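Novice: Numbering (our numbering), first residue to last: 15 to 259. Just so you know, even glycine gets a beta-carbon here, dropped at the ideal spot from N, CA and C. Predicted model only: the values in this text are computed from it and were never measured. Structure below; questions to follow.
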Amino acid sequence: MAAHRPRNFSRISIHTVSPSLSSLLVNLSVVMERPTGISTYALNLLPQLRNLNPILLSTTSHDHYQHLKIPGDMTPEQGGRGHLKRLLWLQTQLPTLYRQTKSTLLFSPLPEMPLFQSCRTVVTVHDLIPLRLSPGISPLVPYFRFYIPAVLRQAEHILCDSEATAQDVIRFCQIPARKMTVVPLAHDDQHFYPLDLPRKNYFLHVGRHAPYKNLQRLISAFRSVAQVSDVELWIAGPDDPRYTP
Numbered sequence: 015m016a017a018h019r020p021r022n023f024s025r026i027s028i029h030t031v032s033p034s035l036s037s038l039l040v041n042l043s044v045v046m047e048r049p050t051g052i053s054t055y056a057l058n059l060l061p062q063l064r065n066l067n068p069i070l071l072s073t074t075s076h077d078h079y080q081h082l083k084i085p086g087d088m089t090p091e092q093g094g095r096g097h098l099k100r101l102l103w104l105q106t107q108l109p110t111l112y113r114q115t116k117s118t119l120l121f122s123p124l125p126e127m128p129l130f131q132s133c134r135t136v137v138t139v140h141d142l143i144p145l146r147l148s149p150g151i152s153p154l155v156p157y158f159r160f161y162i163p164a165v166l167r168q169a170e171h172i173l174c175d176s177e178a179t180a181q182d183v184i185r186f187c188q189i190p191a192r193k194m195t196v197v198p199l200a201h202d203d204q205h206f207y208p209l210d211l212p213r214k215n216y217f218l219h220v221g222r223h224a225p226y227k228n229l230q231r232l233i234s235a236f237r238s239v240a241q242v243s244d245v246e247l248w249i250a251g252p253d254d255p256r257y258t259p
């Protein structure tokens, strides 16, 4: 398939997607006890949503936010069982909460929402990696190939971490560019800021050590660089006895 040219992705207007006071429901069912990835993204968005007075669907309460407690065993920490339980909860329980709270908009920090329900939703897509890899490499391929496109077709609007992700959404899910807004990820300047320390030349890899992260190729490439330059490779992220070098 030919590569897509850059598109002019739409901008979200306050008028079209901002809910009235207390009518925004935020789905935090994926947030883990030890946040990484999507959990960190979701939690760092909350301060930016505070003025909208959202209602959080969460396993724990958060200061200064309305909160509805939900089951705590629906995250990636529970593996496939937690994933399936979350999808079932989204489909059977979340629509009831949406109606009971008289919400007019649901925000989900990942591409999940109740299908075939009257829940007006904005979702975030972070990547479609399993669709870029060999179909046999991930058990999540059916989830990405069938469930996520259905979600994206029904969503009111879609946020993407990068233009590359937006291009993948167009390519793999046939979603029009006008339905998406690219919002690049940022760093938390409360935790990451310059320090008065001696400078060193190094590359930093941050992430899980799963095969699709291509860590072995990174190490091979670094070996070539290290032969001609005084540089280090730092690898950060949770260890995995199956894949950690």
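Grab me the residues of I162's own chain with a C-beta within less than 6 Å of its C-beta, minus the 5 sequence neighbours each way, in chain order.
Specialist: So the list reads P125, once near-sequence residues are dropped.
Novice: Could you give the DSSP three-state label for V239: helix, strand or coil?
Specialist: Looking at V239 - three-state DSSP - the assignment turns out to be helix.
Novice: Please return the same chain residues whose Cβ sits closer than 7 Å to the Cβ of L98, not counting the five positions on each side in sequence.
Specialist: Correct list: empty, nothing qualifies.
Novice: In the DSSP assignment, what are the bridge partners of F10?
Specialist: For the chain, the structure presents residues 15 to 259; residue 10 sits outside this window and is missing.
Novice: Which residues does DSSP pair with Y216 in a beta bridge?
Specialist: For Y216, which the question treats as bridged, DSSP gives the partners E246.
Novice: Since V183 contacts L142 with CB under 8 Å, what's their CB separation in whole angstroms?
Specialist: With a Cβ gap of about 7 Å, V183 and L142 count as contacting.
Novice: Using only alpha-carbon positions, find the residue among V155, A178 and P190 that is nearest to R167.
Specialist: The option with the nearest alpha carbon to R167 is P190.
Novice: Taking the alpha-carbon of P255 as reference, which of H78, L63, Q92 and A224 has the nearest alpha-carbon?
Specialist: With distances taken between Cα atoms, P255 lies closest to A224.
Novice: So, does the segment 103 to 120 touch the segment 38 to 53, judging by three or more C-beta pairs under 8 Å?
Specialist: At 8 Å Cβ cutoff, the stretches touch.
Novice: Under 8 Å between the Cβ atoms of L147 and D175?
Specialist: Contact: no.
Novice: What's the call for W248, buried or exposed, on a 16-neighbour Cβ count within 10 Å?
Specialist: So W248 counts as exposed.
Novice: Counting Cβ pairs closer than 8 Å, one from the segment 58 to 66 and one from the segment 84 to 98, do we hit at least three?
Specialist: Flag = no, the segment 58 to 66 and the segment 84 to 98 do not touch.
Novice: Among V137, P156, T138 and Q188, which residue has its Cα nearest to the Cα of L145?
Specialist: Cα-wise, what sits closest to L145 is P156.
Novice: By Cβ distance below 7 Å, which residues in the same chain neighbour P11 in space, the five residues on each side in sequence not counted?
Specialist: This structure leaves residue 11 out entirely; the chain is present only between 15 and 259.
Novice: Rank P153, L63, V239 and I84 by C-alpha distance to the C-alpha of G94 and give the top, closest one.
Specialist: Considering only alpha carbons, the answer is P153.
Novice: Near I84, which residues of its chain fall below 7 Å by C-beta distance, leaving aside the five closest residues on each side in sequence?
Specialist: Taken in chain order, the residues that qualify are S43, L71, S72 and T73.
Novice: Quick one, are the C-beta atoms of T106 and S122 less than 8 Å apart?
Specialist: The answer is no: Cβ separation not under 8 Å.
Novice: How big is the Cα-Cα spacing for P259 and D203?
Specialist: Roughly 31 Å separates the two Cα atoms.
Novice: What did DSSP end up calling F121 once you bin it into helix, strand or coil?
Specialist: Residue state, collapsed to three classes: strand.
Novice: What does the alpha-carbon distance come out to for the pair M127 and D244?
Specialist: Looking at the two C-alpha atoms, the distance is approximately 49 Å.
Novice: Between the C-alpha atoms of H76 and H201, what's the straight-line distance to the nearest angstrom?
Specialist: Approximately 21 Å between the Cα atoms of the pair.
Novice: What is the DSSP secondary structure of C133, reduced to helix, strand or coil?
Specialist: In the structure shown, C133 sits in coil (DSSP, three-state: anything other than H, G, I, E or B).
Novice: Which residue from L108, K116 and H140 puts its Cα closest to that of F130?
Specialist: Nearest of L108, K116 and H140 to F130, Cα basis: L108.
Novice: Applying the 10 Å Cβ sphere with the 16-neighbour rule, what's the burial state of V242?
Specialist: It is exposed - the Cβ of V242 has fewer than 16 other Cβ atoms within 10 Å.
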